[in-house]
Amino acid sequence: MADESVMHPSLIVPVGHVEPVPRRIRGLIEGRVVFDTRRALYVWEWPPYPQFSIPVEDLVEGVLTDDGHTEPLGAGPARRHSLHVGSEVREGAAWAWAEGAPERLLGTVRFEWEALDAWFEEDEPVFVHPRSPYSRVDALRSSSSVRVELDGVVLADAPYCVKLFETGLPTRYYLDRMHVDWTRLRHTDTVTGCPYKGTTSGYWSFDSDVATHEDIAWAYDFPTIHVDRIAGMVAFYNEHVDLYVDGTLLPRPTDS
Numbered sequence: 474m475a476d477e478s479v480m481h482p483s484l485i486v487p488v489g490h491v492e493p494v495p496r497r498i499r500g501l502i503e504g505r506v507v508f509d510t511r512r513a514l515y516v517w518e519w520p521p522y523p524q525f526s527i528p529v530e531d532l533v534e535g536v537l538t539d540d541g542h543t544e545p546l547g548a549g550p551a552r553r554h555s556l557h558v559g560s561e562v563r564e565g566a567a568w569a570w571a572e573g574a575p576e577r578l579l580g581t582v583r584f585e586w587e588a589l590d591a592w593f594e595e596d597e598p599v600f601v602h603p604r605s606p607y608s609r610v611d612a613l614r615s616s617s618s619v620r621v622e623l624d625g626v627v628l629a630d631a632p633y634c635v636k637l638f639e640t641g642l643p644t645r646y647y648l649d650r651m652h653v654d655w656t657r658l659r660h661t662d663t664v665t666g667c668p669y670k671g672t673t674s675g676y677w678s679f680d681s682d683v684a685t686h687e688d689i690a691w692a693y694d695f696p697t698i699h700v701d702r703i704a705g706m707v708a709f710y711n712e713h714v715d716l717y718v719d720g721t722l723l724p725r726p727t728d729s
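Letter by letter, the sequence shown follows residues 474 to 729 of the working numbering.
What follows is the structure in structure tokens.
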């Protein structure tokens, strides 16, 4: 029986799936190009998004040294390597796929994202992780009213919103700040990043009479151009608040 609390399309890409990347991919350390390839592969180690796997032949600078450790990485076994670029050493920076992984991955390495200082698709920087070619992120203006409550307190009441639809995630409802009760919210230092939306500019918590609810709302003041309609607006986690859309209480998502 379907879970009625799931109100968004499911992720459909299986673990171990491999596809070609039709974009030039580069990785840098201290301004030096470590690899430059037009032959990268997408590999899904878990369903939400892929990683880049880079042909060893396309390393431009640096030396990989075997750490003598093998692990399963979802798509198959891989052997850990450290990366030496000049005097810089990034321990455990890369995983070379081993026998038992999909054949197309043999001869390629998957770098830990944070082991590189910068990643580029063509000439555009990529943040957090690769964007999935099977995911969509759409920000649409909507006349739906949205009311946000928690522990019996109204935190926001907006006559309209921007709905953000992201594959595999609940719909997010972005509200103009004038419709949020800022006297109830407490700013925090939390910062998160998203390859589709950018880097957050603020998070807020709520201290009610019965509980403390950390980081239940966020904003992107300078989102990516693809979702610029959410710029400066505020969204609340559907999972942690009572969210009414057009007067109807939505079930809290349980799978994200």
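Yeah, the Cβ is synthetic: ideal placement off N, Cα and C, and Gly gets one too.
By Cβ distance, which residues of its chain are closer than 7 Å to residue i, with the 5 residues on each side in sequence left out?
i	result
E564	S555
A612	V635, L637, V700, R702 and I703
P632	S618
H490	W517
G535	V507, L556, H557 and V558
G580	P528 and V529
G671	Y693, F695, P696 and T697
E561	I502 and E503
Throw me the rounded Cβ distance for the residue i and residue j pair, which I believe falls under 8 Å.
i	j	result
A548	P528	Incorrect: roughly 16 Å between the Cβ atoms, too far for contact.
P643	Y515	So it is not a contact: roughly 25 Å between Cβ atoms.
V558	R512	No, V558 and R512 are not in contact; Cβ-Cβ is about 21 Å, not under 8 Å.
S681	V626	6 Å
V486	Y607	5 Å
V653	A684	The pair is not a contact, with the Cβ atoms about 20 Å apart (cut-off 8 Å).
V494	P520	Incorrect: roughly 18 Å between the Cβ atoms, too far for contact.
For the beta strand (DSSP E) that contains residue i, what are its first and last residues?
i	result
L589	Per DSSP, L589 belongs to no beta strand (DSSP E) and is neither H nor E.
P606	That residue, P606, is in no beta strand (DSSP E); it is neither H nor E in DSSP.
V599	E597 to V599
I498	I498 to I502
P528	Y522 to P528
I703	Where I703 is concerned, there is no enclosing beta strand (DSSP E), given that its DSSP letter is neither H nor E.
L637	C634 to E639
P495	Premise fails: P495 is in no beta strand (DSSP E) and is neither H nor E.
D688	T685 to A692
E544	V536 to P545
R659	L658 to T661
A567	E561 to W570
Who are the Cβ neighbours of residue i in its own chain at under 6 Å, not counting the five residues just before and after it?
i	result
W592	G500 and V599
M417	Residue 417 falls outside the range modelled here, since the chain spans only 474 to 729, and no answer is possible.
L532	F508
R497	R511 and E595
A690	W677, V707 and F709
What did DSSP end up calling residue i once you bin it into helix, strand or coil?
i	result
R511	coil
R645	strand
H490	coil
D624	coil
L716	strand
R552	strand
A475	Note that A475 scores a pLDDT of 46, beneath 50, so its modelled location is shaky and nothing firm can be said.
R725	coil
L579	coil
I485	coil
D682	coil
D531	helix
From the DSSP output, read off the bridge partner residues of residue i.
i	result
G671	C667
D630	R620
So, for residue i: in the same chain, excluding its five sequence neighbours on each side, which residues have a beta-carbon less than 8 Å away from its beta-carbon?
i	result
L722	D715 and L716
G666	F600, V601, T672 and T673
G573	G549 and P550
R609	F638, E639 and T640
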